[in-house]
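For reference, the structure is listed below as structure tokens.
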Amino acid sequence: MNTDTSHQSTESSPECPDSVTRIRQAWRRVVPVAITLAVWLAFFALASGSVAAQSNVGDVYCGTGVETGIGIVFGAVAGLGLPATGFYVGRAGLSYMRAGGNPEKKNQAKEKLVMSCVGFVIIVLALISPELIDKVGSQMGFGFSDCVRPF
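Each position in the sequence shown, counted from 1, maps to that position plus 2 in the numbering used here.
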């Protein structure tokens, strides 16, 4: 008869690594979000100080390469991003229609469709956010200069 107690303690310990693994996985999700939030808060804290001192943000960029770069970047987002999003939404829709009764293929197609729609929302928000920020800023006493508005 084996009376070794160390063997019994290892049988009851599999719960411990599972909980440690779950905690590690939770931290892997929380840490990047916390770092991103801290960076954005620091950006807003620094940016609000310089914005408060100016009436029109971006006047210093008028007539420089930054003004041209803003136009190029937003033109590229609108010119390339929107058609690409339409292509991927259409492709995901066709994939969903071809899935037939296969639930695995349907779920994959739904996931692709949702991700394509999320990409479309991100592109639209990127295009309209400068105007929204300008509207809110004008209510608070500052606004963007005409040369840094993309459209």
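Don't be surprised by glycine CBs; every beta carbon is placed ideally from N, CA and C.
Residues Tyr98 and Ala101 of the same chain have their beta carbon placed closer than 7 angstroms to that of Lys108, with the five preceding and five following residues left out of the count. Between Ile125 and Leu84 a beta carbon distance of about 6 angstroms is seen, short of the 8 angstroms cut, so the two are scored as contacting.
The C-beta separation of Thr87 from Gly139 comes to about 28 angstroms, leaving the pair out of contact by the 8 angstroms criterion.
The criterion of a C-beta distance shorter than 8 angstroms is not satisfied by Val79 and Cys119. No Cβ-Cβ contact shorter than 8 angstroms links Gly143 with Leu115. Short of 6 angstroms from the beta carbon of Asp136, and not among the five residues preceding or following it, lie these beta carbons of its own chain, in chain order: Gly145 and Phe146. DSSP, reduced to helix, strand and coil, places Phe89 within a helical segment of the structure shown.
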